[in-house]
Amino acid sequence: MSVIKCNTDATIFNNEGKVGFGMVIRDFVGRFVARNTSMLDGSLLVKEGKALAFLEVIRWVRSIGYTKAIFETDTKYVCDVISVNQIDISKFSSIIESHRSILMAESG
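Once you know that position 3 of the sequence shown is 2 in numbering that gives the first Met the number 0, the rest is easy, because the numbers rise by one and skip nothing.
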């Protein structure tokens with residue numbers, strides 16, 4: 000199976016207390032492969048929503064059998080924090096720790 004490219008984004012609907020996610024997979028030449036959307040209940044900060052969307056795309060890609068993927072998000076901050084070993088007790092850090100656990104399991 001070749002490498003795929005995954006894009007993801009999140010939208011926060013604070014008035015409704017919901018977070019929406021969109022995910023798209025393309026093959027190595029840019030052709031559409033699959034898409035997924037999801038909506039969760041909860042009020043989150045934008046950085047938490049973006050991090051949760053990124054976590055959801057990682058889980059989705061694994062669940063449909065892909066093992067090699069390039070992930071893209073419009074939130075550099077989320078990517079930077081995933082690669083740094085910092086720990087706190089916020090909701091955001093809890094999401095980031097889930098990312099690290101999945102990514103470490105894949106690389107190990």
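Virtual Cβ for every residue (Gly too), placed ideally from N, Cα, C.
Source: prediction; values computed, not measured.
If I follow the unbroken alpha helix (DSSP H) through residue i, where does it start and stop?
i: VAL28; result: No alpha helix (DSSP H) holds VAL28; DSSP gives it neither H nor E.
i: ILE63; result: From DSSP, ILE63 is part of no alpha helix (DSSP H); its letter is neither H nor E.
Which residue marks the beginning of the beta strand (DSSP E) containing residue i, and which one marks its end?
i: LYS4; result: 3-12
i: ILE69; result: 68-72
For residue i, count neighbouring Cβ atoms within 10 angstroms of its own Cβ and tell me buried if that reaches 16, exposed if not.
i: GLU96; result: exposed
i: PHE27; result: exposed
i: GLU15; result: exposed
i: GLY48; result: buried
Just how far apart, CA to CA, sit residue i and residue j?
i: GLY21; j: PHE70; result: 13 Å
i: LEU44; j: ASN13; result: 9 Å
i: PHE31; j: LYS4; result: 10 Å
i: VAL2; j: ARG58; result: 16 Å
i: VAL56; j: THR7; result: 7 Å
i: GLY29; j: ALA68; result: 13 Å
i: SER92; j: LYS46; result: 10 Å
So that I know if they touch, is there some Cβ in chain D lying closer than 8 Å to that of residue i?
i: TYR76; result: Of the chains in the structure shown, none is chain D; there is only one protein chain.
For residue i, is the beta carbon positioned less than 7 Å from some heavy atom of the ligand COA?
i: VAL23; result: Absence of the ligand COA from the depicted structure is noted, as is the absence of any ligand whatsoever, leaving it without description.
* Is it true that the region 61-69 meets the region 37-44, where meeting means three or more beta-carbon pairs spaced less than 8 Å apart? -> no
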